[in-house]
Structure formats: C-alpha cells, structure tokens
Amino acid sequence: SLAKELGIRVVPTFKILKGGKVAKEVTGAKFDDLVAAIDAVRNS
1 SLAKELGIRV VPTFKILKGG KVAKEVTGAK FDDLVAAIDA VRNS
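For the sequence shown, the UniProt record's numbering assigns the number 1 to the initial residue and increments by one for each residue that follows.
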C-alpha cells in the first residue's frame with residue numbers, strides 16, 4: 001500500500017514536501033505542530 005511505501009505507521013501522518021522531497025513530518029492530530037511545520041518549511 002501507499003502508506004507502507006511511505007513508511008506511515010501512525011494516522012494521521014502529514015508529510016510536508018519541498019522541492020519534491022519530504023521536508024517535515026508530523027504524526028498525530030496535533031494542529032499546532034502541523035501549522036509550525038508548514039511555517040518552518042515555507043520560511044526555509
């Protein structure tokens with residue numbers, strides 16, 4: 001499955017991509033962590 005191929009073991013898992021590569025990954029339903037990860041990737 002795609003989840004197995006991407007190494008996802010926790011649902012939900014968010015992979016933030018930049019330049020076609022995974023820049024950050026956030027697992028679980030942690031809205032603040034997800035927003036922080038998106039901001040960090042956007043500003044890098």
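Even glycine gets a Cβ: it sits at the ideal position worked out from N, Cα and C.
Determine the DSSP secondary structure at K30, reduced to helix, strand or coil.
As a first step, residue 30 must be located in the sequence shown, where it is residue number 30. DSSP places K30 in coil when its eight states are reduced to three.
From R42 to A23, what distance separates their C-alpha atoms?
Here residue 42 refers to the residue found at position 42 when the sequence shown is read from its first residue. Here residue 23 refers to the residue found at position 23 when the sequence shown is read from its first residue. Roughly 10 Å between the two C-alpha positions.
If you draw a straight line from the alpha carbon of G19 to that of S44, how long is it in whole angstroms?
Along the sequence shown, one-based indexing puts residue 19 at 19. Along the sequence shown, one-based indexing puts residue 44 at 44. Whole-angstrom Cα-Cα distance: 11 Å.
For the alpha helix (DSSP H) containing L2, list its first residue and its last residue.
Position 2 of the sequence shown, counted from the start, is the residue given in the question as residue 2. Its alpha helix (DSSP H) spans residues L2 to E5.
Mind checking whether T13 and E25 have CB atoms under 8 Å apart?
For the purposes of this step, residue 13 is identified with residue 13 of the sequence shown, where counting begins at 1. For the purposes of this step, residue 25 is identified with residue 25 of the sequence shown, where counting begins at 1. Going by C-beta atoms, T13 is nearer than 8 Å to E25.
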